[in-house]
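Using our numbering, the first residue of the sequence shown is number 231, and each one after it goes up by one. These notes are about the structure you will find just below.
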Amino acid sequence: MQNGSGRLLAAEGVAEALAAKKYRTSVAGNADSFDYAASAVYYAPAFREPARKIAALLGPDATIGALAGPAKARGNEVVVIAGADFTGELAPPPPRETAPAAETVDTTSLVEPLREARKQVPGLAVMAPLKVASDSSVRIIRPYSINRTESGGPPAIKMVFEHGYREYWGISMTSMKNPPILEGETGSYTSGGRKYLTFYDGKNLQRLAFQSGGVTYWVSNTLNNDLSAKTIEEIAKSMRPLNRATLKKGRTDTAITVETEASTP
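Laid out in structure tokens, this is it:
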């Protein structure tokens with residue numbers, strides 16, 4: 231706990247209130263400034279959910295964010311900065327929110343275009359999604375090499391989908407080790423034998439990634455975070471190697487428009 235308001239014993243007050251809720255707490259003096267009008271909660275990788283719950287107890291204006299690297303965390307899972315809005319009492323827990331349902335359709339429309347794209351990236355274990363966000367069409371399927379040199383670089387494929395009108399989400403895959411875009415995950419979970427890495431910005435899931443056979447795959451949200459976390463999760467979980475990319479009996483195969491070299495704004 232750190233004092234971000236300058237009020238006497240502000241950090242101690244937050245620590246005592248959270249300790250009463252069975253949180254393990256310690257006080258670490260003053261924050262970088264006393265200009266925190268609202269309390270702030272920062273979390274180490276994989277501790278976003280506890281930080282979110284603590285922020286809810288500190289009031290409606292409390293913010294959350296990721297700690298900038300292990301050096302900033304200093305072994306802490308969550309760092310709380312007491313702001314000027316802390317009254318000395320915790321807010322009641324908010325009512326449990328129902329997560330938005332997934333909005334997807336089943337489709338095999340990507341299988342054949344990805345078979346063609348695979349010819350340009352030999353050695354890449356390509357997977358096709360068997361679910362995509364409703365009201366989506368494919369605008370780009372781009373096979374390429376990362377950090378291209380004379381001897382080539384790690385192969386990759388990027389797919390760009392238009393969702394509604396001029397909102398774009400994507401699926402990417404590459405055999406590059408540790409793609410920089412996937413640094414700083416906010417959490418992880420295992421489902422169906424895969425370990426998924428989550429990347430949240432506040433309450434919105436921006437990316438969901440998994441690895442298989444030396445290849446990293448990830449689904450990216452639109453810039454306005456139009457896709458719900460459940461939608462992104464269903465898309466990622468539906469991805470299958472091309473030789474096994476078939477729908478289960480009883481599923482309706484929805485044809486979607488597929489372009490491979492269309493322009494996007």
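Don't be surprised by glycine CBs; every beta carbon is placed ideally from N, CA and C. For clarity, every value in this text was computed on a predicted model and none was experimentally measured.
{"Query": "Limits of the unbroken alpha helix (DSSP H) element including Val356", "Result": "Per DSSP, Val356 belongs to no alpha helix (DSSP H) and is neither H nor E."}
{"Query": "Nearest candidate by alpha-carbon position, reference Ser316, set Thr334, Pro290 and Val335", "Result": "One detail in the question is off: residue 316 reads as Phe in this sequence, not Ser. Ranking Thr334, Pro290 and Val335 by Cα distance to Phe316 puts Pro290 first."}
{"Query": "Of the listed residues Glu397, Tyr272 and Ser458, nearest to Ala292 (C-alpha basis)", "Result": "Tyr272"}
{"Query": "Assigned secondary structure, Ala261 (DSSP; H/G/I helix, E/B strand, else coil)", "Result": "coil"}
{"Query": "Alpha-carbon spacing of Gln441 relative to Leu239, whole angstroms", "Result": "46 Å"}
{"Query": "Residue from Ser493, Met357 and Ala247 whose Cα sits closest to the Cα of Arg474", "Result": "Met357"}
{"Query": "Ala285, enclosing alpha helix (DSSP H) - first and last residue", "Result": "Arg278 to Leu287"}
{"Query": "Reduced DSSP secondary structure (H/G/I, E/B, other) of Ile401", "Result": "strand"}
{"Query": "For Thr338 and Pro373, the rounded distance between their alpha carbons", "Result": "19 Å"}
{"Query": "Among Pro330, Glu342, Gln436 and Pro275, the one whose alpha carbon lies nearest that of Val309", "Result": "Pro275"}
{"Query": "Thr461 versus Tyr426 - alpha carbon distance", "Result": "14 Å"}
{"Query": "Continuous alpha helix (DSSP H) stretch holding Lys460: start and end", "Result": "Ala459 to Lys467"}
{"Query": "Three or more C-beta pairs below 8 Å linking the segment 342-358 and the segment 392-399", "Result": "no"}
{"Query": "Closest Cα partner of Asn454 within the set Ser421, Leu438, Ala249 and Asn434", "Result": "Asn434"}
{"Query": "Phe429 versus Ala492, Thr334, Ile376 and Ala296, residue with shortest Cα-Cα distance", "Result": "Ala296"}
{"Query": "Continuous beta strand (DSSP E) assignments of at least 3 residues falling wholly in the segment 394-452", "Result": "398-404, 417-421, 424-431, 434-442 and 445-450"}
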